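Numbering follows the numbering used here, in which position 72 of the sequence shown is assigned residue number 225; successive positions increment by one, without gaps.
Here's the structure we're looking at; comments come further down.
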Amino acid sequence: MNKFITFEGMDGAGKSTHLTWFAEALRARGHEVVVTREPGGTPLGEQLREILLHQPMSIGTEALLMFAARLEHIEQVIRPALQAGQWVLSDRFTDATFAYQGGGRGMDWAKLTELEHWVHADLQPDLTLFFDVPVEVARQRLSANASLDRFEQEQADFFERVRAGYHRRVAQHPQRYALIDASVSLGEVKSKLEQVLTSI
Ligand SMILES: Nc1ncnc2c1ncn2[C@@H]1O[C@H](COP(=O)(O)OP(=O)(O)OP(=O)(O)O)[C@@H](O)[C@H]1O
Ligand SMILES: [Mg+2]
């Protein structure tokens, strides 16, 4: 049975690094795999991503635009692919909104839960790979990157809250997550993900 799998964790955790080979490994098993990302994943979503990553705005606007891009993404990409029997791998999804807008920015958790119910009450990832990493490690990995976006420019305390936000989500639905210690070497992270692959 095809699955909807999301990759979560803070900036620099290693999501994008591992997503590509993970998708290839599924294709090698004969599955059709759609690789997508949030915010983004559709032409409108990518335009909203540009605004979200670079333009200052209020916290509520930020959360609403994230969910607006997500609704488009679900309707245009995720649901059609799942209905066609394809696997969907998304680089971030709703957990990131709880972590960044809820944890990081302090937006009311219950309000985000209402938006989640409105936008996708009947859809959740089958599996979420949560790349967990201490803030300092993630920051060091990002520091090589010249141009930081509006989120990446935030300070360490913001990312501590983001990490706590992710953990709060995991605690609410632990069975949906595979917790990946992403602080170890690339090879070690990869072998953990290979173990996950054998179980799906
Ligand atoms: N386990 C690891 N050990 C050392 N370096 C790593 C590890 N995982 C990723 N990196 C490096 O850290 C940087 C950030 O990784 P990557 O872009 O995959 O993170 P990301 O989770 O996708 O971040 P973002 O949310 O900002 O897109 C890259 O240069 C990558 O090569
Ligand atoms: Mg990435």
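Positions of the beta carbon are idealized from the N, C-alpha and C atoms, including for glycine.
Predicted, not measured: the structure shown is a model, and the values here were computed from it.
*Measure the beta-carbon distance from R190 to R258 and round it to whole angstroms, keeping in mind my assumption that it falls under 8 Å.*
Rounded, the Cβ-Cβ distance is 20 Å, inconsistent with contact.
*For R303, which option in L205, E177, F160 has the closest C-alpha, if you only look at C-alpha atoms?*
L205
*Give the secondary structure of A331 by DSSP, where H, G and I count as helix, E and B as strand, and everything else as coil.*
strand
_Contact under 7 Å by Cβ, I212 with M163_ = No, Cβ-Cβ distance for I212 and M163 is not below 7 Å.
_From T266, S336, A263, Y253, residue whose alpha carbon lies closest to that of D285_ = S336
*For the beta strand (DSSP E) containing D285, list its first residue and its last residue.*
280 to 285
*Residue burial classification, T214 (beta-carbon count within 10 angstroms, cutoff 16)*: exposed
_For R245, report the span of its beta strand (DSSP E) as first-last._
Where R245 is concerned, there is no enclosing beta strand (DSSP E), given that its DSSP letter is neither H nor E.
*Are the beta-carbon atoms of E161 and T281 separated by less than 7 Å?*
Going by C-beta atoms, E161 is nearer than 7 Å to T281.
_K168 Cβ short of 6 Å to ligand 2 heavy atom set_ = yes
*Starting from the Cα of L295, find the closest Cα among E347, T170, L201, V272 and give me that residue.*
T170
*Should the region 264 to 276 be called in touch with the region 318 to 334, which here means at least 3 C-beta pairs below 8 Å?*
no
*With distances taken Cα to Cα, identify the nearest neighbour of M219 among A176, G340, G255.*
G255
*asked:* If you measure between the beta carbons of A176 and L265, is that distance less than 7 Å?
replied: no
*Between T195 and E225, is the Cβ-Cβ spacing less than 7 Å?*
yes
_For I158, count the other beta carbons within 10 Å of its own beta carbon; 16 or more makes it buried, fewer makes it exposed. Which is it?_
buried
*Counterpart residues of V187 in DSSP-defined beta bridges*: V241
_Helix, strand or coil for T159? Go by DSSP, reduced to three states._
strand
*Which of helix, strand or coil does DSSP assign to M219?*
helix
*Three-state class that DSSP yields for E177 in the structure shown*: helix
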